[in-house]
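To keep things clear, I will list the structure first and then write my remarks on it.
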Amino acid sequence: MIISDFLDDQSDAVIVLWQRCGLTRSWNDPAIDIIRKNTDKNGKFLVGYVGQRLIASVMIGYDGHRGSINYLAIDPDYSASGYGKAMMAEAERFLQSIGCPKINLCVRQDNDRVVSFYHQLGYATEPVVLLGKRLIKDD
């Protein structure tokens, strides 16, 4: 897999990938999420290719205190290939290179397979409650 920075002309392929992976939600417009990420100067948005096929993505954030991971996606046809681990290793390298001391990430409560994936990478379930408040509604 070749990992590179996201380019604007990859938006449609990334959205299809997210849909195939079950990451899109009715209350989040994925095209708007991509536009918002492209205005973020503290993070990175990576994609992975096998041949000419876009098969992976990860959005990496950093707020000066903690790193964050969003939209880690591996095409289901490439599940259990090691590509998820490779994308996370690249995300961790980037965050470490800019001085990020810790990564926090969210996984949907019922997604045991993904929780297990992160546990295998050394991530721990922490005793916290995630709270959220929508400030802008994506219509």
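Using the working numbering, the letters of the sequence shown correspond one by one to residues 52 to 190.
The beta-carbon is built from N, C-alpha and C at its ideal position, and this holds for glycine as well.
Quantities reported herein were computed from a predicted structural model and do not represent experimental measurements.
Residue i CB to nearest chain C CB: under 8 Å?
i, result
"Asp80", "Going by chain labels, chain C is absent from the structure shown, which holds only one protein chain."
Among the options, which has the Cα closest to the Cα of residue i?
i, options, result
"Val165", "Leu68, Ser62, Leu74, Met52", "Leu74"
"Asp60", "Leu186, Gln70, Asn93, Val98", "Val98"
"Ala140", "Gly173, Trp69, Gln103, Pro178", "Gly173"
"Asp56", "Gln70, Arg185, Phe145, His170", "Phe145"
Do residue j and residue i have their beta-carbon atoms positioned less than 8 Å apart in this structure?
i, j, result
"Val65", "Ile85", "yes"
"Asp126", "Ile106", "yes"
"Phe96", "Gly135", "no"
"Val101", "Met52", "yes"
"Ala124", "Leu68", "yes"
"Cys151", "Leu181", "no"
CA-CA distance, residue i and residue j?
i, j, result
"Asn155", "Gly118", "6 Å"
"Ile187", "Asp80", "11 Å"
So, under 8 Å CB-CB, residue i and residue j are touching, yes? Tell me the CB distance rounded to an integer number of Å.
i, j, result
"Tyr113", "Ile149", "6 Å"
"Ile120", "Ala142", "6 Å"
When burial is assigned at 16 or more other CB atoms within 10 Å of the CB, is residue i buried or exposed?
i, result
"Gly183", "exposed"
"Trp78", "exposed"
"Gly94", "buried"
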